[in-house]
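Peer 1:
There are 2 protein chains.
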Amino acid sequence: MISQMKVRGLMFDPYNNAYILVLRDDDSSDMLPIWVGKAEASAISFALEGVSAPRPMTHDLMKSLLDTVDAKVISVVLTELKDNTYYAKVHLGYEDSEYSIDSRPSDAIALALRTSAPIFAREEVLRKQGADELGQWLENLKPEDFGKYDT
Amino acid sequence: MISQMKVRGLMFDPYNNAYILVLRDDDSSDMLPIWVGKAEASAISFALEGVSAPRPMTHDLMKSLLDTVDAKVISVVLTELKDNTYYAKVHLGYEDSEYSIDSRPSDAIALALRTSAPIFAREEVLRKQGADELGQWLENLKPEDFGKYDT
């Protein structure tokens, strides 16, 4: 089983001096918080806000490279959660084949947002996350913190 | 005219809270300091030190994507220096053609180091830099700060 996730918010977490990217499955309302660094957060927020930088940012370059060779990001998938670390794959369509490439979730999502590719999470990732204490953190957030981004 | 540049050092600049990537043309001894952010500096230092992260870093993903479609980074070129901002191009070989793609120098160099592609600078970039006051900053550096990296 796999669920399609939407980016619902990007927040600063002062306790960990990091950013939290919140993904949500709109069907089940399952949430997935992913801690990302400042650079990753800014790569994602630029895409969310449709900001175009004067010079291409890293994931803009990645997209340009793929466009040049006519390769297409079909989807990105959060495949695994192990020791509080998420793993992801970028599914790349090229010629008549599909390739699956290892990635950090933050890169995969920054790329997906720029290429309008869907973001999926495997069920076991959502299930594992549910067992963590992250939910508690999220419960303390105000509802208005979510839903800032509709993608 | 174009000069081949080698990465000679990566230093922290406490005055600007940024990192300085120092490129050098071994033939002419011309130096080119490029200020880069923390994320870019770490992308470059990982490649310089041959450190392999447990999960692919952003430019490792970029390389994987290019490898998947059999595209090759032929070279990267620092093309312009305008208002203290450098501009660069990634020259990509794909099928029988060469494509030139806009990039920030830090991304271009992080990618070049991972793909063993040569780094070039146009003469006007080196000349312009010479006219700046950056040289003075560099003069104050100790010789042992350079030459940390031989690429």
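Here the protein sequences come in this chain order: W and U. Every number in the working numbering is 142 more than the matching position in the first sequence, counting from 1. Every number in the working numbering is 142 more than the matching position in the second sequence, counting from 1. Note that the Cβ used here is the ideal one computed from N, Cα and C, for glycine as well. If you're wondering where the values come from, they're calculated on a predicted model, not measured in any experiment.
(1) Is residue 267 of chain U close to chain W, meaning its C-beta is less than 7 Å from at least one C-beta of that chain?
(2) For residue 231 of chain W, which residues from the same chain have a beta carbon less than 6 Å from its beta carbon, with the 5 sequence-adjacent residues on both sides left out?
(3) For chain W, find out if any of its Cβ atoms is closer than 7 Å to the Cβ of residue 334 of chain U; answer yes or no.
(4) Any idea what DSSP makes of residue 191 of chain W, helix, strand or coil?
(5) Interface residues of chain W around residue 198 of chain U at Cβ under 7 Å?
(6) Go ahead and pull the three-state DSSP assignment for residue 258 of chain W.
(7) With a 10 Å radius around its C-beta and 16 neighbouring C-beta atoms as the bar for buried, classify residue 161 of chain W as buried or exposed.
(8) Below 7 Å between beta carbons is the criterion; list the residues of the stretch 200 to 225 of chain U that meet it against any residue of chain W, in chain order.
(9) For residue 152 of chain W, would you say it is in contact with chain U, using Cβ-to-Cβ distances shorter than 7 Å as the test?
(10) Which value, in whole angstroms, describes the spacing of the CA atoms of residue 165 of chain W and residue 145 of chain U?
(11) Specify the secondary structure class of residue 246 of chain W as computed by DSSP and reduced to three states.
(12) Could you tell me which residues DSSP pairs with residue 218 of chain U in its beta bridges?
(13) Residue 155 of chain U versus chain W: which residues are under 7 Å apart at the beta carbon?
(14) State buried or exposed for residue 269 of chain W, treating a residue as buried only when at least 16 other CB atoms are found within 10 Å of its CB.
(15) Only counting the same chain, and skipping five residues up and downstream in sequence, which positions put a Cβ closer than 7 Å to that of residue 187 of chain W?
(16) Could one say the Cβ of residue 263 of chain U lies closer than 7 Å to chain W's Cβ atoms, at least one of them?
Peer 2: Reading it off the structure:
(1) no
(2) 219, 221, 242
(3) In the structure displayed, chain U extends from 143 to 293; residue 334 of chain U sits before or after that span and is not available.
(4) helix
(5) 244, 245, 246
(6) coil
(7) buried
(8) 200, 203, 204, 206, 207, 208, 210, 211, 213
(9) no
(10) 47 Å
(11) coil
(12) U:232, U:261
(13) Near residue 155 of chain U there are no residues of chain W at all, since even the closest Cβ is about 18 Å away, more than 7 Å.
(14) exposed
(15) 152
(16) no
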